[in-house]
Amino acid sequence: MTDVLDQTAAETARPLAVVTGASSGIGYELAKLFAGDGYDLVVAADTPLGEAVQVLESLGARVDPVQADLATEDGVQSLYLAVAGRPVDALAANAGHGLGKAFLDQDFEDIVHVINTNVTGTIRLAQLIGRDMRERGRGRILFTGSIAGLMPGSFQAVYNGTKAFVDSFSFALRNELKDSGVSVTVLMPGPTDTNFFERGDLTDTKVGQDENKDDPADVAKAGYEAMIRGDGDVVAGLGNKMQAAMAAVTPQTVLAEMHRKMAEPGSGD
Numbered sequence: 000m001t002d003v004l005d006q007t008a009a010e011t012a013r014p015l016a017v018v019t020g021a022s023s024g025i026g027y028e029l030a031k032l033f034a035g036d037g038y039d040l041v042v043a044a045d046t047p048l049g050e051a052v053q054v055l056e057s058l059g060a061r062v063d064p065v066q067a068d069l070a071t072e073d074g075v076q077s078l079y080l081a082v083a084g085r086p087v088d089a090l091a092a093n094a095g096h097g098l099g100k101a102f103l104d105q106d107f108e109d110i111v112h113v114i115n116t117n118v119t120g121t122i123r124l125a126q127l128i129g130r131d132m133r134e135r136g137r138g139r140i141l142f143t144g145s146i147a148g149l150m151p152g153s154f155q156a157v158y159n160g161t162k163a164f165v166d167s168f169s170f171a172l173r174n175e176l177k178d179s180g181v182s183v184t185v186l187m188p189g190p191t192d193t194n195f196f197e198r199g200d201l202t203d204t205k206v207g208q209d210e211n212k213d214d215p216a217d218v219a220k221a222g223y224e225a226m227i228r229g230d231g232d233v234v235a236g237l238g239n240k241m242q243a244a245m246a247a248v249t250p251q252t253v254l255a256e257m258h259r260k261m262a263e264p265g266s267g268d
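Under numbering that gives the first Met the number 0, the residue at position 80 of the sequence shown is numbered 79, and the numbers go up by one with no gaps.
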């Protein structure tokens, strides 16, 4: 009788999604999409989540917020502990941030934090939750990569390098899990209207001052729908699709010079 009750509870329980970087921007919009589709949520960010939680709960979701620095092992573990052994149906590994200016002029602690947020914390969380998904034989993982990972990032060298890692890692993990019931998708946005440029000290650049950045809600929808379909990747936005296609056939030295014109300090003037 107990086994029957446990099975019934499992079948009627709402699905659970874990979303990182959920206090604003693409992560917040992803969390709203999950909530609107009947998911409960564990959301994480290194900034306060109070306003986001109110909105997500108004959409009918049970929300467990975790304010933590996912660049650290303690931060990742605090998020994983908040899952509390519940089966995770979807992981949106979206947390990340940028860093502008010339590499030799950047503070090395800032560099390490970008790497540990965008790469180390991301794949640590993916390993913890991905193992549970593989054991259950089902689940969806959505990484937020970037078209920045397709080109050398002059004046954003570390950031673009981390996104090149995420883009590549996602395809590799997808292949490893192809027969497991766990799908892996990478969302590759272009410049998006979030606080990325303020946080990365890029507001004086051409790309930072571009008024035609993508709407994070549109970007999140493209990634969410690709994840639901089980696609391997999606580039959000027609212009970004064209840029990604061009990057595939353009010499790296040319791409680096093109990126310089967008991201060099003062280029917005």
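Glycine included, each C-beta is placed from N, C-alpha and C at the ideal position.
Exposure of residue i, with buried meaning 16 or more beta-carbon neighbours within 10 Å
{"i": "Asn117", "result": "buried"}
{"i": "Glu28", "result": "buried"}
{"i": "Asn93", "result": "buried"}
{"i": "Ser169", "result": "buried"}
{"i": "Asp268", "result": "exposed"}
{"i": "Glu224", "result": "exposed"}
{"i": "Asp213", "result": "buried"}
{"i": "Phe107", "result": "exposed"}
{"i": "Glu256", "result": "exposed"}
{"i": "Thr46", "result": "exposed"}
{"i": "Gly120", "result": "buried"}
{"i": "Lys177", "result": "exposed"}
{"i": "Ala12", "result": "exposed"}
{"i": "Gly37", "result": "exposed"}
{"i": "Glu175", "result": "exposed"}
{"i": "Gly152", "result": "buried"}
{"i": "Gly236", "result": "buried"}
Backbone CA spacing between residue i and residue j [nearest angstrom]
{"i": "Ile146", "j": "Leu58", "result": "31 Å"}
{"i": "Ala221", "j": "Arg228", "result": "11 Å"}
{"i": "Asp203", "j": "Val54", "result": "32 Å"}
{"i": "Thr193", "j": "His96", "result": "11 Å"}
{"i": "Val234", "j": "Lys240", "result": "6 Å"}
{"i": "Ala67", "j": "His112", "result": "13 Å"}
{"i": "Thr7", "j": "Pro86", "result": "In this predicted model, Thr7 has a pLDDT of only 41, less than 50, meaning its place in the structure is not dependable; the value taken from the coordinates is given anyway. Cα-Cα distance, rounded: 15 Å."}
{"i": "Gly20", "j": "Thr252", "result": "32 Å"}
{"i": "Gly35", "j": "Ala216", "result": "13 Å"}
{"i": "Asp63", "j": "Val75", "result": "15 Å"}
{"i": "Ala247", "j": "Leu149", "result": "8 Å"}
{"i": "Arg166", "j": "Arg61", "result": "The residue you asked about is not Arg; residue 166 is Asp in the sequence shown. Rounded to whole angstroms, Asp166 to Arg61 spans 31 Å at the Cα level."}
{"i": "Gly49", "j": "Gly26", "result": "14 Å"}
{"i": "Leu269", "j": "Glu72", "result": "With the chain represented from 0 up to 268, any question about residue 269 goes unanswered, as that position is not in the structure."}
{"i": "Thr184", "j": "Lys100", "result": "30 Å"}
{"i": "Gly180", "j": "Arg139", "result": "9 Å"}
{"i": "Gly211", "j": "Val218", "result": "Looking at the sequence provided, one finds Asn at residue 211 rather than Gly. Computed Cα separation, rounded: 13 Å."}
{"i": "Asp200", "j": "Ala163", "result": "21 Å"}
{"i": "Ser23", "j": "Ala51", "result": "8 Å"}
{"i": "Gln208", "j": "Gln105", "result": "21 Å"}
{"i": "Phe154", "j": "Arg198", "result": "15 Å"}
{"i": "Glu56", "j": "Leu32", "result": "12 Å"}
{"i": "Ser39", "j": "Thr143", "result": "First, the residue type needs correcting, since residue 39 is Asp and not Ser in the sequence shown. Rounded to whole angstroms, Asp39 to Thr143 spans 20 Å at the Cα level."}
{"i": "Ala83", "j": "Asp131", "result": "12 Å"}
{"i": "Thr249", "j": "Ser77", "result": "43 Å"}
{"i": "Glu263", "j": "Leu254", "result": "14 Å"}
{"i": "Gln242", "j": "Thr191", "result": "15 Å"}
Nearest to residue i (by Cα), restricted to the options the options
{"i": "Leu15", "options": "Lys100, Ser22, Ala163, Val41", "result": "Val41"}
{"i": "Asp88", "options": "Asp68, Thr191, Glu134", "result": "Glu134"}
{"i": "Leu69", "options": "Leu80, Pro188, Ala43", "result": "Ala43"}
{"i": "Ala81", "options": "Leu90, Val65, Ala91", "result": "Val65"}
{"i": "Leu186", "options": "Thr161, Gly160, Leu141", "result": "Leu141"}
Cβ separation of residue i and residue j, assumed to be a contact under 8 Å, to the nearest whole Å
{"i": "Val17", "j": "Ile128", "result": "6 Å"}
{"i": "Val206", "j": "Met261", "result": "4 Å"}
{"i": "Tyr79", "j": "Leu124", "result": "7 Å"}
{"i": "Ala156", "j": "Phe195", "result": "In fact, because the Cβ distance is near 16 Å, the residues do not count as touching under 8 Å."}
{"i": "Gly189", "j": "Gly238", "result": "7 Å"}
**Item:** Inside the segment 173–201 only - alpha helix (DSSP H) runs reaching at least 4 residues
**Value:** 195–198
**Asked** Which ranges does the beta strand (DSSP E) cover as unbroken runs of at least 3 residues, wholly within the segment 129–173, from first to last along the chain?
**Response** 138–143
**Asked** Whole alpha helix (DSSP H) runs in the segment 208–261 with 4 or more residues, listed along the chain?
**Response** 215–228, 237–246
**Request:** Run through the segment 52–89 for me and flag every whole beta strand (DSSP E) of 3 or more residues, listed as ranges in chain order.
**Result:** 62–66
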